[in-house]
Structures are given as C-alpha cells and as structure tokens.
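Here is the structure we will look at, set down as structure tokens.
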Amino acid sequence: MENQAIIESFSEFREEKNIDRVTLMAFIEDAFRNQLRKKFGSDDNFDVIVNPDKGDLEIWQNRVIVEDGAVEEPHLEIALSEALKIEPDFEVGEEVSEEIKIISLGRRFILAFRQNLVARIQEHDSSELFKRYKEMEGEMIAGEVHHVRHRELIIYDDEGNELILPRDQMIPEKDFYRKGDTVKAVVRTVTFKGNKPTVILSRTDERFLEKLFEQEIPEVYDGLIIVRKVVRAPGEKAKVAVESYDDRIDPVGACVGMKGSRIHGIVRELRNENIDVINFTANNQLFIQRALSPAKISSIEINEEEKSVDVYLQPDQVSMAIGKGGNNIKLASRLTGYEIDVYRDDVVEEEDVKLSEFSDEIDAWIIAELHNIGCDTAMSVLDMSVEDLANRTDLEVETIEEVRNILKSEFED
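Below you can see the structure in the form of structure tokens.
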C-alpha cells in the first residue's frame, strides 16, 4: 500500500460527522504509535507528525550515533559511517533524526494501522451516539421506517443512526407502518449491546403523551401549564393531570381547545386514544372525584394509611366510574395513587343480597369477574343490561343470562 492510500484514508475519516479535527489527529497518531510499538517494541524514539487536512503523515526515527561495529539495537542506534551519509559533520553520541518512508513499513503494517484507526473511529462514534441519546431519554423524536421485522421496526434518524421500536412499545392492534413511513416516538432506553449502543423507542410510554402535549399546546411548551402526571392504557384511554400557575388560564380548556381543536391532533397520533384532561389539585378528595370523571360521585371515604378509597355512586354512575374493561377506575387509581373501590349507595342492605351468597349456584370465578367491574350484589348485576355486562367482562352472553335468572329468582315471591 502506498502513501496515497493513507492520504485517502485521512480524507475519508475527515468527513466523519461525529469527530472533530483535533480528535482525529489524536486517533491517527495513537493508531500509528500502536503499530510502531508492535513492530519495534517501543515508540519512544519516534516522532509522528499528522496533518489530516492535507493527508500528510510523517514518521521520524531518532537514533543515537555509536562507533562502527558497536550497534546493538538497530532501532535505537546507528553506526557513525551510516550517520555521516546523512550529514558529514555528525559525531559519536549525537542524535540523528531520520524520516521513515511509510511504504518502507510494509503493506501489513499499513493495513493493521488502518484497521486500528477504523476501530477507534467506530468506538468514538458509538460513545458519542450513546452519550447523545442517553441525554435524550424521555424526549420525542421522529424517524423513518427503514425495515419492518416481526418483533420490531428499524428506524433511522436524520443522521442515519439505527433506532429500534419494539412491537410491545407500539399501540396494540392500531400501529401499522410500512418502509418509508415517518414515526414519532420517545426515546425509552439507551444501553450498550456489545460495543454498539442500542436505542429503544416507545409510543406507549406515558412520556410520549406528555411530549405531544408540549408539541401541540403552546402554554405547556412555554411552561404556563404544567403536566403533573400522565397514565395510559395505550390506544384505549389516558388521563392527564394539568395545573396552571396563572389564575387567568384554565388549564383544561387550554389543553382541549375550542371544540377539542388542540387535543384532536394528539388523539389522532395516539390512534383515537380517549384522553381525559383533569385539573390537578392538592385536595385529595377533589382530585379523586375529578380522576373518576365522567362519573358523578355521591361520597368518598379515604384511608390514608392504606392509601385506599371507597367511592359511593348512584347505580347509573357505577359503570361510568369503572369504564370499559375497568380502564377508568384503573387509570384513576394510578393517577391519584390510591386503590379505589366503588359501591352503590342507594340500595338498602336488607333489600339486596351479596353475590357471595350465591356461591352454591354461581361459580366463584364468575362472581370474581363481576366483582372486578364493581358488581358485588345481586341488584348491581340486575341493574346492568346483558350487553353492558358482556362488554365489560369476559363472560359469555349465555352465562350472563343464567346468572341473571338465578339472581331474579331471589327477588320473586
């Protein structure tokens, strides 16, 4: 390999986007010195001069002049007769600096140098990429789908860096992408896998919804409205607690916008995820009431020690408080930090019968399924339609009708 190949190497590496000139010079010198140590055992008596802008690389070997026939270490010493060929007035004991032509080091030396340099550049780029994306954890980015795999999407950012969006971080049954599509997501985690940084994206992370609020709502972006907490059942429902430090700004109204104009873009990005925007308050009782919206609550009993709440509602409000698949009450519990249980408050205990009383006629797992949606008495089940019960539980319609018939017989003379 000739000197021109080295010059071309410098030109190639100089264009690396993640490396500056001073760092490149240091890498080139270090890579060359590494090869000199391997070839000569030491690089202490070599000067390496690098000019990456021009592609110049000079190597000077410094040797001490000794009497003819007294040379013991050729890479450290030079005979007087050889030194005089370089300059006629040299004397024994003086030091001679002689430039070594790169081509004289051999093809294997140059190839090893180039491999060493490439490895250092890649290591540097990986470190810089890791550092940059580590600082971006929780931030939103947009990228282009480069490849669609069974368990993940490979996405390239605008610099061609590879990012990963796993299937379990996509909105279930609603996120579908093809090669070339643009994807928005947040940086979820950044780790090293071997020597290569792995950047994992997410569209189900709560921080994704928070960043969408920042992007779509100027008051949030400017800090006039603070997003206090976000909880999600991705693709189904979300609750966002917001607060304004300016009494003149209604945080909920500002986030939703006229006729939902501001939040509509966020809902569309999240594949029609139903978003409840809630005005945050330090009053726990009021916050729990707001968190369970749209249900209207009759009364609340809070147990601060156990962080649990008993909520009493009118019969027609129970199903709203629980929500489809129990999402409303689950999200309200996560938002407020309290375990919430709902109860009907209009039934006189003597007139109703606990479902547990029917354990000899109704299987325990069916009673448990009904209890999960807030139906713990016979009347609470009978007050709901077969269709509503089927939608909110995993029970078959036939099973629900059998249960209702059993419960009805309890109240018939």
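Taking the numbering used here, the leading residue of the sequence shown gets 47, the next gets one more, and so forth. Don't be surprised by glycine CBs; every beta carbon is placed ideally from N, CA and C.
* Asked: Leaving out five residues before and five after Asp422 in sequence, what residues of the same chain have Cβ atoms less than 7 Å from its Cβ?
  -> Excluding positions up to five away in sequence, the list reads Lys400, Leu401.
* Whole-angstrom distance between Phe73 and Glu118, CA atom to CA atom -> Taking the straight line from one Cα to the other gives about 33 Å.
* Flag this pair as touching only if the region 278 to 288 and the region 314 to 332 have three or more C-beta atom pairs under 8 Å; answer yes or no. => At 8 Å Cβ cutoff, the stretches touch.
* To do: Report the residue from Leu103, Ala125, Leu209 whose alpha carbon sits nearest the alpha carbon of Glu113.
  => The residue with the shortest Cα to Cα distance from Glu113 is Ala125.
* To do: For Gln360, count neighbouring C-beta atoms within 10 Å of its own C-beta (all shown protein chains included) and say buried if the count is 16 or more, exposed if not.
  => With fewer than 16 Cβ atoms within 10 Å of its Cβ, Gln360 is classed as exposed.
* In this structure, what does DSSP give as the bridge partners for His193? -> Bridge partners of His193 according to DSSP: Ile200.
* Runs of alpha helix (DSSP H) lying entirely within the region 412 to 448, each at least 4 residues, in chain order -> Segments of the alpha helix (DSSP H) lying fully in the region 412 to 448: 424 to 428, 432 to 438.
* Asked: Is the Cβ-Cβ distance between Ser426 and Tyr384 less than 8 Å?
  -> It is not a contact, given that the beta carbons lie outside the stated cut-off.
* Asked: Taking C-alpha atoms, which residue in Asp406, Gly299, Ala165, Thr445 lies nearest to Leu70?
  -> Cα-wise, what sits closest to Leu70 is Ala165.
* To do: Give a single yes or no on whether Ile271 has its beta carbon closer than 7 Å to a heavy atom of the ligand MN.
  => The ligand MN is absent from the structure shown, which contains no ligand whatsoever.
* Asked: Can the beta-carbon of Arg109 be found less than 8 Å from the beta-carbon of Asn91?
  -> Yes, the pair counts as a contact, with Cβ atoms nearer than the cut-off.
* Coil, strand or helix - Glu360 by DSSP -> For the record, residue 360 in the displayed sequence is Gln; it is not Glu. Assigned with DSSP and collapsed to three states, Gln360 falls in coil, not helix or strand.
* To do: Starting from the C-beta of Ser345, find all residues in its chain whose C-beta is less than 6 Å away, skip the five residues before and the five after it, and write them out in chain order.
  => Here the set comprises Tyr358.
* From what residue to what residue does the beta strand (DSSP E) around Glu123 run? -> In the DSSP assignment, Glu123 falls within the beta strand (DSSP E) that extends over 123 to 125.
* To do: State the Cα-Cα distance for the pair Glu140 and Ile95, rounded to the nearest angstrom.
  => Their Cα atoms are separated by approximately 22 Å.
* Asked: Among the residues of its own chain, which have a CB less than 6 Å from the CB of Ile263, if the five just before and after it don't count?
  -> For Ile263, where only same-chain residues beyond five positions count, the Cβ hits under 6 Å are Cys301, Arg308.
* To do: Determine the direct distance from the alpha carbon of Asp296 to that of Leu270, and round the result to whole angstroms.
  => If you take the alpha carbons of Leu270 and Asp296, they lie about 10 Å apart.
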